[in-house]
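Inspection log for the structure reproduced underneath, given as structure tokens.
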Amino acid sequence: GPHRELPLADLDTEDVLDFFNDEFGFTDDESVALMGAHTLGRALRQNSGFDGPAGWVNNENRLDNEYYRQIVGGNGDLFDAPNWNQNFVNNNNGIPDRFQWERNRNNGAPLIMLNADIALVRTFGDDLNRDTGEVSCSFKNRNACDAARTLPQMGVYRNNNNVWLNDFK
């Protein structure tokens with residue numbers, strides 16, 4: 003098909019869904035399924051300006067639903083996921099500085115998420131600075147961003163790897 007420009011990573015929920023709908027005719031659920039591709043790979047500063055040498059998940063070589071398990075709560079409360087904090091990435095290499103979401107791991111480099119990822123579970127609205135990508139609401143606790151309308155589908159994939167793999171296919 004025709005060449006399509008990838009969107010910037012600093013998107014809100016509606017921006018992510020509109021991109022996939024406008025460019026590919028995807029539904030919201032299909033868009034949420036495709037974003038699970040972030041279960042593979044990592045983000046290298048020299049390529050994108052994002053610093054994610056450990057990637058989005060603990061094992062970036064396995065295609066499974068860990069992407070969803072990292073950003074969606076469990077035990078019936080989809081909103082109560084482990085916390086993510088937005089951090090500034092100072093690139094100093096000709097690539098613009100970035101903001102990315104991080105969560106520390108016990109065994110090495112932190113996991114990362116981009117605004118486009120977090121936007122599937124939280125909506126930023128006026129809390130997103132579209133010039134810098136900084137979000138002024140938090141992932142959880144005090145001043146938490148509101149739940150995104152795609153959070154229930156994210157929960158479906160979090161809870162059932164086979165459903166996600168089938169929909170991804």
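Going by this note's numbering, the letters in the sequence shown line up with residues 3 to 171, in that order. From the three backbone atoms N, C-alpha and C, an ideal C-beta is built for every residue, glycine too. Just so it is clear, the structure is predicted and the values come from calculations on it, not from any experiment.
Item                                                                      : Value
Distance CB(Leu116)-CB(Arg107) smaller than 8 Å                           : no
Where the alpha helix (DSSP H) containing Gly157 begins and where it ends : Leu153 to Asn161
CB of Arg160 within 8 Å of CB of Asn67, strictly                          : yes
Residues bridged to Arg102 (per DSSP)                                     : According to the sequence displayed, residue 102 carries Gln and not Arg. According to DSSP, which records beta bridges pairwise, Gln102 is partnered with Asn89.
Cβ distance (whole Å) where Gly51 is taken to contact Val91 below 8 Å     : 7 Å
Leu36 - containing alpha helix (DSSP H), residue span                     : Asp30 to Met37
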